[in-house]
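Mapping to numbering that gives the first Met the number 0: the sequence shown position 204 is 203, numbers consecutive.
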Amino acid sequence: MSGITKYQGVIPAFYACYDKAGEISERAVRALTEYFIERGVKGVYVGGSSGECIYQSVAERKLVLENVMDAARGRLTVIAHVACNNTRDSRELARHAEELGVDAIASIPPIYFHLPEHAIARYWNDISAAAPNTDFIIYNIPQLAGVALTLPLLREMLKNPCVVGVKNSSMPVQDIQMFKDEGTRGGREFVVFNGPDEQLISGLVMGADGGIGGTYGAMPELILKLWELTGDGRLDEARALQYDVDNIIYALCAAKCNLYAAIKETLRRRAGLDLGGVREPLVNYAPADDEAVAAAVRLLDAAAERWR
0 MSGITKYQGV IPAFYACYDK AGEISERAVR ALTEYFIERG VKGVYVGGSS
50 GECIYQSVAE RKLVLENVMD AARGRLTVIA HVACNNTRDS RELARHAEEL
100 GVDAIASIPP IYFHLPEHAI ARYWNDISAA APNTDFIIYN IPQLAGVALT
150 LPLLREMLKN PCVVGVKNSS MPVQDIQMFK DEGTRGGREF VVFNGPDEQL
200 ISGLVMGADG GIGGTYGAMP ELILKLWELT GDGRLDEARA LQYDVDNIIY
250 ALCAAKCNLY AAIKETLRRR AGLDLGGVRE PLVNYAPADD EAVAAAVRLL
300 DAAAERWR
């Protein structure tokens, strides 16, 4: 296991990439990987919410990760989210990710059935055991998973030496402090990622080591600048930039389509990337969304000019 330095920074969540028939587009996956490399981000988080993981088969998720790894060629930190809603498929994705040489695997808890904490710990440890030479990151997103990471559950997971961090997407910034404090007891290295993009500055000030975000891909230059300003202690400027970022997010969320569909249309307009649509039942981009996306693009362009 290496140190946590490779996880410290801006790590966009990777988007699902489809062709016109709605199948995985290997070309688009590679193009998006190169886009992130060119923008100078620290790494990518593959197969999470932004990657539409719950709507993809095991084979499709393997195909995406294979193309990311082949295109990245060691130039990005790669965290592969491997959770499925059953242990067998999750272990298969974990084994595959380790064979490809990812930096870490990650997992949400099982969803739908509300399991006791000892069952969640067993699920995570079973996944980790399928990739015993790979770092493991807990993904805490209670608003979607239906269950929250607690300190007793984290303490149980810290018995596993592969567990190196938490991707924290709960809204209370206090959770970052609690997980960081618990994880680093006894001098252990432990990384906590800020998840809610709208409060990245708050998470970093509270002690997050980096950020993983679903909207980062639409504006990596702004998120990288926010990381820089916060790290330099220029908090007045960082707060102003966070407000700009939030207004862009609000504009994207004003579209009737799914957020990631709006982001993909934004990337098509600003970066020439064709990543396809989103997979149903997610709502695809339609002409009725033009106004919201155009407003987001205007805000993006203005902020990029202001903060370059």
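Every residue gets a Cβ at the ideal spot worked out from N, C-alpha and C, and that includes glycine. As the structure is a prediction and not an experimental result, all values here were calculated from the model.
**Asked** Just curious, the beta strand (DSSP E) that His80 is in, first and last residue?
**Response** Within the sequence shown, residue 80 is the residue found at index 81, counting from 1. Here the beta strand (DSSP E) through His80 covers 76-80.
**Message:** If you follow the beta strand (DSSP E) that Ile140 is in, where does it begin and where does it stop?
**Reply:** If you number the sequence shown from 1, residue 140 lands on position 141. Ile140 -> no beta strand (DSSP E), and no H or E assigned at all.
**Request:** Pick helix, strand or coil for Lys5, following the three-state DSSP scheme.
**Result:** Walking along the sequence shown from the start, residue 5 turns up at place 6. Looking at Lys5 - three-state DSSP - the assignment turns out to be helix.
**Inter-residue CB distance, Val244 and Asp196 (contact presumed, cutoff 8 Å)** = Taking the sequence shown and counting its residues from 1, one reaches residue 244 at position 245. Taking the sequence shown and counting its residues from 1, one reaches residue 196 at position 197. Rounded, the Cβ-Cβ distance is 7 Å, consistent with contact.
**Boundaries (first-last residue) of the alpha helix (DSSP H) holding Phe35** = Here residue 35 refers to the residue found at position 36 when the sequence shown is read from its first residue. Start and end: 25-38.
**Asked** For Asn85, does the count of other Cβ atoms within 10 angstroms reach 16, so buried, or fall short, so exposed?
**Response** In the sequence shown, the residue the question calls residue 85 occupies position 86. By the 16-neighbour rule on beta-carbons within 10 angstroms, Asn85 is exposed.
**Prompt:** Which residues in the same chain have their Cβ closer than 6 Å to the Cβ of Val162, if we skip the five residues on either side of it in sequence?
**Reply:** For this step, residue 162 is matched to residue 163 along the sequence shown. Within the same chain, and ignoring the five residues on either side of Val162 in sequence, the residues whose Cβ sits closer than 6 Å to its Cβ are Phe135, Met156.
**Prompt:** Taking the alpha carbon of Glu33 as the point to measure from, which residue in Glu279, Arg72, Arg90, Ser49 has its own alpha carbon closest?
**Reply:** Residue numbering aside, residue 33 sits at position 34 when the sequence shown is read from its first letter. The shortest C-alpha separation from Glu33 is found at Arg72.
**Request:** Look up Ser106 in the DSSP assignment and give the residues it is bridged to.
**Result:** Residue numbering aside, residue 106 sits at position 107 when the sequence shown is read from its first letter. Ser106 is bridged to Ile137.
**Item:** Gly210 beta carbon less than 9 Å from that of Trp226
**Value:** Walking along the sequence shown from the start, residue 226 turns up at place 227. Walking along the sequence shown from the start, residue 210 turns up at place 211. In contact: Trp226 and Gly210 (Cβ atoms closer than 9 Å).
**Asked** When the Cα atoms are used, what is the spatial distance from Met177 to Leu234?
**Response** As a working mapping, residue 177 is identified with position 178 in the sequence shown. As a working mapping, residue 234 is identified with position 235 in the sequence shown. Rounded to whole angstroms, Met177 to Leu234 spans 23 Å at the Cα level.
**Message:** For a minimum of 4 consecutive residues, which ranges assigned as the alpha helix (DSSP H) are wholly contained in the region 189-217?
**Reply:** Within the region 189-217, the complete alpha helix (DSSP H) runs of at least 4 residues fall at 199-205.
**Beta-carbon spacing of Thr183, Phe189 below 9 Å** = Taking the first residue of the sequence shown as position 1, residue 183 is located at position 184. Taking the first residue of the sequence shown as position 1, residue 189 is located at position 190. Yes, these two residues count as a Cβ contact at 9 Å.
**Asked** Which value, in whole angstroms, describes the spacing of the CA atoms of Ala294 and Ala250?
**Response** In the sequence shown, counting from the first residue as 1, residue 294 sits at position 295. In the sequence shown, counting from the first residue as 1, residue 250 sits at position 251. Approximately 6 Å, taken between the alpha carbons.
**Request:** Assign Gln198 to buried or exposed, taking buried as 16 or more other Cβ atoms, counted over all protein chains shown, within 10 Å of its Cβ.
**Result:** Reading the sequence shown from its first residue, position 199 is the one you call residue 198. Buried, by the Cβ-count rule.
**Asked** Looking at the structure shown, is Val277 part of a helix, part of a strand, or coil, going by DSSP?
**Response** In the sequence shown, counting from the first residue as 1, residue 277 sits at position 278. Coil, per DSSP.
**Prompt:** How far does the alpha helix (DSSP H) with Asn66 in it reach, from first residue to last?
**Reply:** Position 67 of the sequence shown holds residue 66. That run of the alpha helix (DSSP H) goes 57-71.
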